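Participant:
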Amino acid sequence: MGRNLLIRLGSTVVTLFGVAFIVFILVRVVPGNPIAMMLPPGASDADIALLTAHYGLDKPIMTQFWIWLGRAMQGDFGTSISLRQDVMGLIFGRLPATLELATLALLIAVALGGTLAITAARFRGTAAETGIDLFNGASLAMPDFLWGLTLILLFGVAFPIFAISGRVSPTLDLPFVTGFFLIESILRLRFDIFLDLMRHMLMPALALALPLAAVIAQLLKSSLKEAMQQDYVMLARTKGFSETRVLLSEALRNAVIPTLTLAGVQFTFLIGGTVIVERLFSYEGLGNMAIDAVINRDLPLIQGIILVFALLFVAINRLVDLSYALLNPRFRHG
Amino acid sequence: MAEARDIQVRFVPRLWLSGLWLAVIALAAIFAPFITPHDPLAQDLMLGKLPPVWIEGSEPGYLLGTDSLGRDVLSRLISATRPALIVAIGAGFGCCLSGSVLGLIAGFFGGWSDRIISRIVDIWMAFPPVLLSILLVAFFSPSLTSVILAITVIDWTRFCRVVRAETMQQRRMDYVESARAIGRTMTATLIDEVLPNVLPAIAVLLSLQMGIAVVVEAILSYVNLSVSTDQATWGSMIAEGRGIIYQAWWVLLFPMIALFLTVLAFSQFGEGLKERFDPVLR
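Sequence order for the protein chains is A and B. So the first sequence is numbered by numbering that gives the first Met the number 0: it starts at 0 and just counts up by one. So the second sequence is numbered by numbering that gives the first Met the number 0: it starts at 0 and just counts up by one.
#1: Would you say A:I24 reaches chain B, if we count a Cβ-Cβ gap shorter than 7 Å as a contact?
#2: Let me know the alpha helix (DSSP H) ranges lying completely inside the stretch 165 to 238 of chain B, each 4 residues or longer, listed in chain order.
#3: In chain E, what lies closer than 7 Å to A:G17 by C-beta?
#4: Which bits of chain B does A:A140 rub up against, with CB to CB less than 7 Å?
#5: Indicate whether at least one CB of chain B lies closer than 7 Å to the CB of A:I290.
#6: On the three-state DSSP scale, how would you describe A:D85?
#7: Can you look up A:D291 in the DSSP assignment and give me helix, strand or coil?
#8: Tell me whether B:D71 sits in a helix, a strand or coil according to DSSP, three-state version.
#9: Are the CB atoms of A:P257 and A:G77 nearer to each other than 7 Å?
#10: Exposed or buried, which one is A:L106 when buried takes at least 16 other CB atoms within 10 Å?
#11: Out of A:L68, A:L261 and A:F16, which one is the CA nearest neighbour of A:A212?
#12: For A:G271 and chain B, any beta-carbon pair shorter than 7 Å?
#13: When you compare the CB positions of A:F280 and A:P159, do they come within less than 7 Å of one another, or not?
#14: What in chain A is Cβ-close to B:A137, meaning under 8 Å?
#15: Assuming B:L83 is part of the alpha helix (DSSP H), what are its boundary residues?
#16: What does the alpha-carbon distance come out to for the pair B:I201 and B:M209?
#17: Please tell me whether B:F30 has its Cβ less than 7 Å away from any Cβ of chain A.
#18: Does any residue of chain B have a CB that is nearer than 7 Å to the CB of A:I275?
#19: So which residues of chain A does B:V222 contact, with C-beta pairs closer than 7 Å?
#20: Which chain A residues sit within Cβ distance under 7 Å of B:S259?
#21: Which same chain residues end up closer than 7 Å to B:D43 when comparing Cβ atoms and leaving out the 5 residues on each side of it in sequence?
#22: State yes or no: is the beta carbon of A:F308 nearer than 7 Å to at least one beta carbon in chain B?
#23: Within 8 Å, do at least three Cβ pairs link the stretch 182 to 202 of chain B to the stretch 226 to 239 of chain B?
#24: For B:W248, decide whether its Cβ has a neighbour in chain A, counting only Cβ atoms nearer than 7 Å.
#25: Return the chain-ordered list of same chain residues with a C-beta closer than 7 Å to the C-beta of B:S97, the five sequence neighbours on each side being excluded.
#26: Assign B:L280 to one of three DSSP states: helix, strand, or coil.
#27: Assess contact between the stretch 272 to 289 of chain A and the stretch 128 to 147 of chain B, defined as three or more Cβ pairs (one per stretch) separated by less than 8 Å. Is contact present?
#28: So, using beta-carbon positions, are B:G271 and B:R13 closer together than 7 Å?
#29: Should B:S225 go down as buried or exposed, given a rule of 16 or more other Cβ atoms within 10 Å for buried?
#30: What number of angstroms, rounded off, separates the C-alpha of B:D5 from the C-alpha of B:V197?
#31: Identify which residue in B:F138, B:I119 and B:L148 has its Cα closest to the Cα of B:A212.
#32: Going straight from the alpha carbon of A:I270 to that of A:A101, what length do you get?
#33: Does the separation of the CB atoms of A:A140 and A:H199 fall below 7 Å?
#34: Name the DSSP bridge partner or partners of A:T78?
#35: Pull out every residue of the stretch 230 to 244 of chain B whose Cβ sits closer than 8 Å to any Cβ of chain A, in chain order.
#36: Is there a Cβ of chain A sitting closer than 7 Å to that of B:L62, yes or no?
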């Protein structure tokens with residue numbers, strides 16, 4: 000397994016290198032002088048020359064790439080053109096909001112998808128299974144963008160239970176030191192703030208979670224039904240275990256592995272989906288900032304955000320590989 | 000092939016239902032200028048935010064109400080089928096051609112070509128798709144062509160992966176061996192023997208991709224990065240409706256329904272094709 004992991008790590012590095020190269024080239028292709036855009040209007044020629052040398056833009060393009068890559072690896076993406084602040088600082092300011100939203104969505108998807116799958120497998124062949132299949136079909140057909148809009152109309156307008164814009168009520172006084180509002184509100188036992196956060200986050204999280212929940216429910220259900228036909232399940236049944244106990248303690252353990260792999264890949268889709276869902280709910284996360292950055296042609300900020308997203312995608316894929324290797328005994332001694 | 004003809008052609012309701020809706024959309028797109036009850040761009044501030052006819056305070060001439068500028072929602076809905084359909088067809092076939100060709104090459108020839116193509120797919124999949132499409136369209140300058148190009152550049156990987164896997168499976172079949180044994184070249188075997196067997200999978204995927212393209216176009220016009228404002232799109236209508244959601248929910252609801260039905264129809268049409276032509280299911 001050690002050798003396998005090394006190969007995987009190597010391919011991860013190659014992928015990230017490719018991503019960095021494409022991001023670099025993409026920004027060079029765009030017309031306009033990035034240095035002139037970074038400085039305030041009226042900057043002297045000396046300033047421009049200084050900054051050009053600082054970013055190595057007076058050197059050949061491949062040398063420029065290595066300089067840029069070296070700086071990027073140290074977290075230096077330059078200064079945002081539209082917001083006139085350090086790009087890394089801006090990204091770290093918004094990243095916690097997006098991570099909390101995506102994690103909440105993942106938790107909802109796993110809980111909902113798992114419950115649906117187990118219910119459908121327990122009551123297979125009944126109306127309950129048909130109903131769950133129909134729900135899965137509808138959830139899958141609807142992209143997160145449309146789920147978001149549907150939820151806004153349903154629980155923002157028709158039955159106004161939830162807030163449709165923002166992450167937290169602007170009137171609230173926030174005592175937080177980190178950007179992880181949800182976690183901090185729990186740790187500080189500020190349940191008033193926690194509830195307000197949930198009132199804002201539940202709908203966007205649900206919009207992201209529903210398509211993933213359907214994928215999980217469908218796959219886990221079919222693996223569970225397959226597992227219920229296996230010999231060891233028959234054995235457990237002849238021992239007199241109840242159907243529910245057989246399902247939860249015997250079949251689930253084996254059915255969960257293929258689901259986990261797929262859920263991991265789908266989680267990257269969910270993170271990609273935060274871009275438009277955050278926009279839809281005016282949620283102050285990384286994705287919303289990314290759209291503004293594109294509209295303002297803020298190249299340093301765009302570069303930074305895309306690299307952070309790519310890093311997240313690749314990290315999740317590797318974590319899935321790793322947990323797959325740890326969970327599945329057959330792969331433990333590869 | 001002779002066997003296939005003997006089997007009774009199966010009636011697949013979802014294929015017909017989804018096909019019917021897609022035909023309605025196509026007809027609406029073709030005849031849009033003749034069937035819209037009003038000019039989709041005509042503004043009349045005196046008739047702003049009129050509700051649909053079954054709600055009090057409506058005008059009989061405006062079946063689905065008007066938006067904040069007094070433009071007829073139904074006419075804009077019909078007019079917006081054009082950009083939606085153009086993007087569905089353009090981006091659908093763009094992804095299909097580029098992705099399938101690369102997938103066929105990677106799956107059939109293997110070796111270095113496979114390694115390089117698969118690596119590029121890996122790198123591509125590390126980009127957040129919605130963000131990348133927004134970025135590309137902004138850089139190409141917003142237009143329908145840019146939207147089609149952006150979707151093609153991003154989503155060819157979907158075809159590439161599936162076609163590669165399918166082709167690799169076909170590659171191991173005896174008929175490939177036989178074709179080679181009677182002296183056919185690799186390329187001829189690929190095009191004449193393997194491709195027809197991979198085609199059903201491509202057709203299903205194409206239908207799915209067209210649905211995805213319609214959603215991506217809606218998202219791009221939602222953030223105002225698609226066609227210019229003198230063409231109504233479902234996405235721009237949704238964006239307008241999101242802004243006045245508490246005063247005029249119908250401006251948001253109707254393009255949403257049109258978008259949903261169209262996406263659903265494309266995906267169900269693909270599923271229906273699979274059901275209709277898949278020899279295992281049949």
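Using N, Cα and C, we set each Cβ at its ideal position, and we do this for glycine too. Everything numeric in this text was worked out from a predicted model, so none of it was measured.
Facilitator: A quick look at the data gives this:
#1: On the first sequence, position 25 is the one that residue 24 of chain A refers to. By this cut-off, A:I24 is not an interface position.
#2: 173 to 180 and 194 to 221
#3: Protein chains in the displayed structure are A and B, and chain E is not among them.
#4: By 1-based counting over the first sequence, the position of residue 140 of chain A is 141. Correct list: V262, L263 and S266.
#5: Counted from its first residue, the first sequence places residue 290 of chain A at position 291. It does; some Cβ of chain B falls within 7 Å.
#6: The count along the first sequence starts at 1 and reaches residue 85 of chain A at position 86. Strand.
#7: The residue given as residue 291 of chain A occupies position 292 in the first sequence. Residue state, collapsed to three classes: helix.
#8: Start at 1 with the first residue of the second sequence, and residue 71 of chain B comes out as number 72. B:D71: strand per DSSP, three-state reduction.
#9: Counted from its first residue, the first sequence places residue 257 of chain A at position 258. Counted from its first residue, the first sequence places residue 77 of chain A at position 78. Cβ distance not < 7 Å, so A:P257 and A:G77 don't count as in contact.
#10: Here the question's residue 106 of chain A lines up with position 107 in the first sequence. Label assigned to A:L106: exposed.
#11: What you label residue 212 of chain A is simply residue 213 of the first sequence in a count that begins at 1. The shortest C-alpha separation from A:A212 is found at A:L261.
#12: Taking the first sequence and counting its residues from 1, the one referred to as residue 271 of chain A is at position 272. Yes - at least one Cβ of chain B is within 7 Å of the one on A:G271.
#13: Translated into positions along the first sequence, residue 280 of chain A becomes position 281. Translated into positions along the first sequence, residue 159 of chain A becomes position 160. Not closer than 7 Å, so no.
#14: For the purposes of this step, residue 137 of chain B is identified with residue 138 of the second sequence, where counting begins at 1. The answer, in chain order, is V293, I294 and R296.
#15: Sequence index remark: in the second sequence, residue 83 of chain B carries index 84 (1-based). Note that residue 83 of chain B corresponds to Ala in the displayed sequence, not to Leu. Where B:A83 is concerned, the enclosing alpha helix (DSSP H) stretches over T80 to F108.
#16: Here the question's residue 201 of chain B lines up with position 202 in the second sequence. Here the question's residue 209 of chain B lines up with position 210 in the second sequence. Roughly 12 Å between the two C-alpha positions.
#17: The residue you call residue 30 of chain B lines up with position 31 of the second sequence. Answer no: the Cβ-Cβ gap between B:F30 and chain A never drops below 7 Å.
#18: Within the first sequence, the letter at position 276 stands for residue 275 of chain A. By this cut-off, A:I275 is an interface position.
#19: Position 223 of the second sequence, counted from the start, is the residue given in the question as residue 222 of chain B. Under the 7 Å cutoff, chain A gives R278 and I290.
#20: Locating residue 259 of chain B in the second sequence gives position 260, counting from the first residue. Reading the sequence as shown, one finds Phe at residue 259 of chain B and not Ser. Result: M141 and L145.
#21: As a position in the second sequence, residue 43 of chain B is number 44, starting the count at 1. Excluding sequence neighbours, B:D43 sits near G69.
#22: Here residue 308 of chain A is taken as the residue at index 309 of the first sequence, counted from 1. Yes, A:F308 counts as interfacial toward chain B.
#23: no
#24: Here residue 248 of chain B is taken as the residue at index 249 of the second sequence, counted from 1. It does: the Cβ of B:W248 has a partner Cβ on chain A nearer than 7 Å.
#25: For the purposes of this step, residue 97 of chain B is taken as residue 98 along the second sequence, with counting starting at 1. Closer than 7 Å at Cβ, skipping near neighbours: T151 and W155.
#26: Position 281 of the second sequence, counted from the first residue, corresponds to residue 280 of chain B. Caution applies to B:L280, whose pLDDT of 47 falls short of 50 and renders its modelled position unreliable; the value that the coordinates give is listed next. It is coil, neither helix nor strand.
#27: yes
#28: By one-based count along the second sequence, residue 271 of chain B stands at place 272. By one-based count along the second sequence, residue 13 of chain B stands at place 14. Contact flag set, yes.
#29: On the second sequence, residue 225 of chain B is found 226 positions in, with the first residue counted as 1. The residue is buried, with at least 16 neighbouring Cβ atoms inside 10 Å.
#30: For this step, residue 5 of chain B is matched to residue 6 along the second sequence. For this step, residue 197 of chain B is matched to residue 198 along the second sequence. Any reading at B:D5 needs caution, since the residue's pLDDT is 46, under 50, leaving its predicted position unreliable; the model's value is listed next. Using only the alpha carbons, I get a separation of about 22 Å.
#31: Walking along the second sequence from the start, residue 212 of chain B turns up at place 213. When each option's Cα is compared against that of B:A212, the closest is B:L148.
#32: The residue you call residue 270 of chain A lines up with position 271 of the first sequence. The residue you call residue 101 of chain A lines up with position 102 of the first sequence. Using only the alpha carbons, I get a separation of about 6 Å.
#33: Walking along the first sequence from the start, residue 140 of chain A turns up at place 141. Walking along the first sequence from the start, residue 199 of chain A turns up at place 200. Going by C-beta atoms, A:A140 is not nearer than 7 Å to A:H199.
#34: Within the first sequence, residue 78 of chain A is the residue found at index 79, counting from 1. DSSP output for A:T78 lists A:D85 as bridge partner(s).
#35: I237, R241 and I244
#36: To locate residue 62 of chain B, count along the second sequence from 1; it is residue 63. It does not: the Cβ of B:L62 has no partner Cβ on chain A nearer than 7 Å.
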